[in-house]
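K.L.:
Heads up, the sequence shown is in our numbering, so the first residue is 1 and it goes up one at a time.
In this text, a Cβ means the ideal position worked out from N, Cα and C, and glycines have one as well.
Note that the coordinates shown come from a computational prediction; the quantities given were computed from them, not determined experimentally.
One structure is given below, represented as structure tokens, and several questions about it will come after.
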Amino acid sequence: MNHTILQKEVQEFIKTYKGDTPSLAFKGSPFEEITTQELIEQIEGFRKVEKKLSQWHQSPNIYYPKKINLEQCSSEITAQYKASLVSGTTLADITGGFGVDVFYFSFAFKQVDYYEQNESLSQIVEHNMASLGAKNVEVISGDGLEGIRDKAYDVIYTDPARRHKTKGKVFFLSDCEPNVVEHLDFLFDHCQILFIKTSPMLDITAATKELKHVREIHIVAVDNEVKELLWLLDKGYDGKTTVVTQNFSKGVSQHFQLSLDEDFPVSYGAPQKFLYEPNAALMKANNFGTLAHAYGIDKLHQHSHLFTSDAKVDFPGRVFEILEVLPYQKKVIKNNLQGLKAHVTTRNFSENVASLRKKWRITDGGDTYLFFTTNANNERIVLKCRKGD
Numbered sequence: 001m002n003h004t005i006l007q008k009e010v011q012e013f014i015k016t017y018k019g020d021t022p023s024l025a026f027k028g029s030p031f032e033e034i035t036t037q038e039l040i041e042q043i044e045g046f047r048k049v050e051k052k053l054s055q056w057h058q059s060p061n062i063y064y065p066k067k068i069n070l071e072q073c074s075s076e077i078t079a080q081y082k083a084s085l086v087s088g089t090t091l092a093d094i095t096g097g098f099g100v101d102v103f104y105f106s107f108a109f110k111q112v113d114y115y116e117q118n119e120s121l122s123q124i125v126e127h128n129m130a131s132l133g134a135k136n137v138e139v140i141s142g143d144g145l146e147g148i149r150d151k152a153y154d155v156i157y158t159d160p161a162r163r164h165k166t167k168g169k170v171f172f173l174s175d176c177e178p179n180v181v182e183h184l185d186f187l188f189d190h191c192q193i194l195f196i197k198t199s200p201m202l203d204i205t206a207a208t209k210e211l212k213h214v215r216e217i218h219i220v221a222v223d224n225e226v227k228e229l230l231w232l233l234d235k236g237y238d239g240k241t242t243v244v245t246q247n248f249s250k251g252v253s254q255h256f257q258l259s260l261d262e263d264f265p266v267s268y269g270a271p272q273k274f275l276y277e278p279n280a281a282l283m284k285a286n287n288f289g290t291l292a293h294a295y296g297i298d299k300l301h302q303h304s305h306l307f308t309s310d311a312k313v314d315f316p317g318r319v320f321e322i323l324e325v326l327p328y329q330k331k332v333i334k335n336n337l338q339g340l341k342a343h344v345t346t347r348n349f350s351e352n353v354a355s356l357r358k359k360w361r362i363t364d365g366g367d368t369y370l371f372f373t374t375n376a377n378n379e380r381i382v383l384k385c386r387k388g389d
């Protein structure tokens, strides 16, 4: 950590530099004790956190780490959500990273211990916690599993990293470091609540089988993109696992709750007056029977994942009013859709969006939404819609 970067004139340069960083790389650093690469790292970090971490962006004397640490850290909105799920006297984060989660946990706990094996990163976080006024955070450089060995906490939080050698879309918690599955009993010897953050790529069913005492699973999406899965394990708990889907989008919070172990038969029906497209968190939950039952809506097809009803409901996803239901037949589509300006979506359809746009000369934009899908009779149809929310 180069403390010269924290000097007033350097900080001013970092925050007011308007050029591109490749140009700066060519010109070189104007500060004798700061390399060009160090300066670029700070400028790019300052710019990168503007939307993701506004608290850091607006605070003075923040020191930014390498790009990968900023890419891997939580956003403010997901960190705040995590902090709303737990509270108590003591918490340990055994995989600290850039410390975003730790900062927000510090509002919910009297004492928070941050462990990070990367000494350079832990020094940066220690400085930033002081700058942010998080006085109840103790930064400890070292292995978190070793650090908690002689301690006890209300909550232990960990964000295991997927090992690079693991390939493929589906992977297991045992493929991550630290190996939570292997150390599960040890971790429960030192806490009541074990709080795990995982990648959205993790298979929920497989992970549930690897773990025990799972009280809650939270599927968190931002702007309809699943960002993380959160697992709350309560020592001794043997009840039903609650799944919570949470989508934050444009100031709106969409929340739905279900039981992992329960589902309802899905009712299927023809398109009615309204069409519903579940948000990404609900899609990850993959419990469409419970969703349909909760809102009294019908599914169009087993694999379409679109729902319909005659009366409008307050649905956690996108809502559309169906204007027309068209059979996917050449003459019908040519007469009704060719040359139209519209948003195009496919669900359980044999052609992709790009080919449909080209084939029917449909340009992007406007107020019309077209859903190319399949109905319960396995017939290809097009739903011509407009936003209903």
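Looking at the structure shown, is S87 part of a helix, part of a strand, or coil, going by DSSP?
P.N.:
Locating residue 87 in the sequence shown gives position 87, where the first residue counts as 1. Secondary structure of S87 (DSSP, three-state): coil.
K.L.:
Quick one: grab the DSSP three-state call for V10.
P.N.:
In the sequence shown, the residue the question calls residue 10 occupies position 10. Here V10 sits in helix by DSSP.
K.L.:
Below 8 Å, can you find three or more Cβ-Cβ pairs linking the segment 198-215 to the segment 96-113?
P.N.:
no
K.L.:
Throw me the rounded Cβ distance for the L173 and T198 pair, which I believe falls under 8 Å.
P.N.:
Within the sequence shown, numbered from 1, the residue matching residue 173 stands at position 173. Within the sequence shown, numbered from 1, the residue matching residue 198 stands at position 198. That belief holds up - the Cβ atoms of L173 and T198 are roughly 7 Å apart, short of 8 Å.
K.L.:
Can you tell me the Cα-Cα spacing of S131 and E38, whole angstroms?
P.N.:
Translated into positions along the sequence shown, residue 131 becomes position 131. Translated into positions along the sequence shown, residue 38 becomes position 38. As the crow flies, the alpha-carbon of S131 is around 20 Å from that of E38.
K.L.:
Can you check which of these residues, P30, K18, E32, is closest to R47 by C-alpha distance?
P.N.:
Along the sequence shown, one-based indexing puts residue 47 at 47. Nearest option by C-alpha distance: K18.
K.L.:
Quick check on this structure: which residue in T35, N286, T308, N179 has the alpha carbon closest to the alpha carbon of G296?
P.N.:
As a position in the sequence shown, residue 296 is number 296, starting the count at 1. When each option's Cα is compared against that of G296, the closest is T308.
K.L.:
Taking the Cβ atom as the reference point for each residue, do L260 and T241 lie within a distance shorter than 8 Å?
P.N.:
By 1-based counting over the sequence shown, the position of residue 260 is 260. By 1-based counting over the sequence shown, the position of residue 241 is 241. Taking 8 Å as the Cβ cut-off, L260 and T241 qualify as a contacting pair.
K.L.:
Please report the Cβ distance between Y276 and A376, rounded to the nearest whole angstrom; I am assuming they are in contact, meaning their Cβ atoms lie under 8 Å.
P.N.:
What you label residue 276 is simply residue 276 of the sequence shown in a count that begins at 1. What you label residue 376 is simply residue 376 of the sequence shown in a count that begins at 1. Actually they do not touch by this definition, with Cβ atoms about 15 Å apart.
K.L.:
Under 8 Å between the Cβ atoms of Q117 and D143?
P.N.:
As a working mapping, residue 117 is identified with position 117 in the sequence shown. As a working mapping, residue 143 is identified with position 143 in the sequence shown. In this structure, D143 lies closer than 8 Å to Q117 by Cβ.
K.L.:
Can you name the start and end residues of the alpha helix (DSSP H) that F320 belongs to?
P.N.:
Residue 320 sits at position 320 when you count from the first residue of the sequence shown. Careful: F320 lies outside any alpha helix (DSSP H), inside the beta strand (DSSP E) at 317-327.
K.L.:
Check whether the segment 320-335 touches the segment 380-387, taking contact to mean three or more Cβ pairs, one atom from each stretch, closer than 8 Å.
P.N.:
yes
K.L.:
Please classify K8: is it buried, with 16 or more other beta-carbons within 10 angstroms of its beta-carbon, or exposed?
P.N.:
Against the sequence shown, residue 8 aligns to sequence position 8. K8 counts as exposed, since fewer than 16 other C-beta atoms from the protein chains shown sit within 10 angstroms of its C-beta.
K.L.:
Short check: CB of V155 to CB of F195, under 8 Å?
P.N.:
Residue 155 sits at position 155 when you count from the first residue of the sequence shown. Residue 195 sits at position 195 when you count from the first residue of the sequence shown. Contact check for V155 against F195 passes: the beta carbons are separated by less than 8 Å.
K.L.:
Which residues does DSSP list as the beta-bridge partners of E146?
P.N.:
The residue you call residue 146 lines up with position 146 of the sequence shown. For E146, which the question treats as bridged, DSSP gives no partner whatsoever.
K.L.:
Per DSSP, what are the beta-bridge partners of H218 in this structure?
P.N.:
By 1-based counting over the sequence shown, the position of residue 218 is 218. Bridge partners of H218: L230, V244.
K.L.:
What does a CB cutoff of less than 8 Å around G239 pick up in its chain, not counting 5 residues either side in sequence?
P.N.:
Locating residue 239 in the sequence shown gives position 239, counting from the first residue. R215.
K.L.:
Jot down the residue ranges of each uninterrupted beta strand (DSSP E) in the segment 160-208, minimum 3 residues, whole runs only, in chain order.
P.N.:
Entirely contained in the segment 160-208, the beta strand (DSSP E) runs reaching 3 residues are, in chain order, 191-198.
K.L.:
Is there contact between the segment 346-362 and the segment 300-315, where contact requires at least three CB pairs shorter than 8 Å?
P.N.:
yes
K.L.:
Using only alpha-carbon positions, find the residue among Q55, I43, A79 that is nearest to K67.
P.N.:
Indexing the sequence shown from 1 puts residue 67 at position 67. It is I43.
K.L.:
Find the nearest neighbour of V319 within the set G339, G388, A311, judged by alpha-carbon distance.
P.N.:
Position 319 of the sequence shown, counted from the start, is the residue given in the question as residue 319. Per the Cα distances, G388.
K.L.:
Starting from H127 and walking both ways along the alpha helix (DSSP H), at which residues does that stretch end?
P.N.:
As a working mapping, residue 127 is identified with position 127 in the sequence shown. Here the alpha helix (DSSP H) through H127 covers 119-132.
K.L.:
Starting from the C-beta of I62, find all residues in its chain whose C-beta is less than 7 Å away, skip the five residues before and the five after it, and write them out in chain order.
P.N.:
As a first step, residue 62 is located in the sequence shown; it is residue number 62 there, counting from the start. Answer for I62: W56, N128, S131, listed in chain order.
K.L.:
Just to confirm my understanding: we take T21, look at its own chain, exclude 5 residues before and 5 after, and list those with CB closer than 7 Å. What are they?
P.N.:
Counting from 1 along the sequence shown, the entry for residue 21 is found at position 21. Once the five neighbours on either side are set aside, the close Cβ partners of T21 are I40, I43, E44.
K.L.:
Excluding five sequence neighbours on each side, which residues of the same chain lie with their C-beta closer than 7 Å to the C-beta of G88?
P.N.:
Taking the first residue of the sequence shown as 1, we reach residue 88 at position 88. Closer than 7 Å at Cβ, skipping near neighbours: F109, D154, V155.
K.L.:
Measure how close the beta-carbons of D93 and Y114 come, nearest whole angstrom, since I'm counting them as under 8 Å.
P.N.:
Counting from 1 along the sequence shown, the entry for residue 93 is found at position 93. Counting from 1 along the sequence shown, the entry for residue 114 is found at position 114. Yes, D93 and Y114 are in contact; Cβ-Cβ is about 5 Å, under 8 Å.
K.L.:
To which residues does DSSP link E138 through a beta bridge?
P.N.:
Locating residue 138 in the sequence shown gives position 138, counting from the first residue. According to DSSP, which records beta bridges pairwise, E138 is partnered with D113.
K.L.:
Under the three-state reduction of DSSP, which class applies to Y153: helix, strand or coil?
P.N.:
Residue numbering aside, residue 153 sits at position 153 when the sequence shown is read from its first letter. In the structure shown, Y153 sits in a strand (DSSP, three-state: E or B).
K.L.:
Give me whichever residues DSSP pairs with S309 in a beta bridge.
P.N.:
Taking the sequence shown and counting its residues from 1, one reaches residue 309 at position 309. Paired residues: F274.
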